[in-house]
Each structure stands twice: as structure tokens, then as C-alpha cells.
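Since the structure comes first, as C-alpha cells, the remarks are kept for the end.
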Amino acid sequence: MDFINDIFVDENVENLNTIIYSLKKGIPVFNIYLICIDNMSENTAHIMSSSEYFSKINSKKQYKIIGIAVGKYGANRLFSNIIEYWVEKGNSIGDFKENIVKE
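Numbering (my numbering), first residue to last: -17 to 85.
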């Protein structure tokens, strides 16, 4: 499990350190969603529950986690805020996937 240095966190997330500890130990956390980047995918990002992250389908993928949120709505809102932050800094959406991991 790989996180960017300054991970984006939904305002409704409580006990972030406990959540990250559990995720690093391979333990899904109820109603926690992850925003992930996969450089091998054509998609800009993937939003998935922590349970989905640990599924067999995703176990072989090299995701970089850029955000943690409570609930799917919270994850979509957080991703929208991340994109807004990125564009307001004068960056191009075309550079997002490759360069957000360096933030």
C-alpha cells in the first residue's frame, strides 16, 4: 500500500492514523473510500471502498493512494476538490495523473 506524502483527507474522516494503520495491515475499514492513481490505467483515478481495494481483482495493481474519504459521496466530493486544487495551481489535467503523486 503506497500513499502520497501529503494525502488529501475528507473533512469527515476521524482517527486518520488508525485508518492508515489498519489499511497498511491489510484491514479494510467500514465506509472508508480511497482515491487511487494507477499509471498503467487509462483512467485518471479510481474511487473504491477499502474492501474493494483489497479484493483479488485489485491485489496485483500498483495503486498510489492520493485521498481518503468517508462514503462514496465524500470520495467524489474530495476528488472534485483535488481536481479543483490542481487546476487552480495552474496545472493541466493532462499532467494530473503523472504529477499529483509528487505533491
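Here a beta-carbon is modelled for each residue, glycine too, at the ideal position from N, C-alpha and C.
Please read these numbers as outputs of a predicted model, since none were measured by experiment.
Under the three-state DSSP convention, the category residue i falls into
i: phenylalanine 36; result: coil
i: glycine 76; result: helix
i: lysine 43; result: coil
i: isoleucine 9; result: coil
i: asparagine -6; result: coil
i: asparagine -13; result: strand
Opening and closing residue of the beta strand (DSSP E) in which residue i lies
i: asparagine 63; result: No beta strand (DSSP E) contains asparagine 63, which is instead part of the alpha helix (DSSP H) from 53 to 70.
i: serine 31; result: 28 to 31
i: isoleucine 14; result: 14 to 19
Euclidean distance between Cα positions of residue i and residue j
i: threonine 26; j: serine 33; result: 21 angstroms
i: isoleucine 64; j: valine 52; result: 15 angstroms
i: serine 41; j: phenylalanine -15; result: 15 angstroms
i: tyrosine 55; j: glutamate -7; result: 12 angstroms
i: aspartate 77; j: proline 10; result: 30 angstroms
Residue from the options whose Cα sits closest to the Cα of residue i
i: histidine 28; options: Phe12, Ile2, Leu60, Pro10; result: Leu60
i: glycine 8; options: Ile39, Tyr35, Asn73, Tyr45; result: Tyr35
i: glutamate -4; options: Asn(-13), Asp(-12), Ile14; result: Ile14
Contact under 8 angstroms by Cβ, residue i with residue j
i: phenylalanine 12; j: glycine 49; result: no
i: lysine 6; j: methionine -17; result: yes
i: isoleucine 1; j: alanine 57; result: no
i: valine 69; j: isoleucine 19; result: no
Residue i, enclosing alpha helix (DSSP H) - first and last residue
i: serine 4; result: -2 to 6
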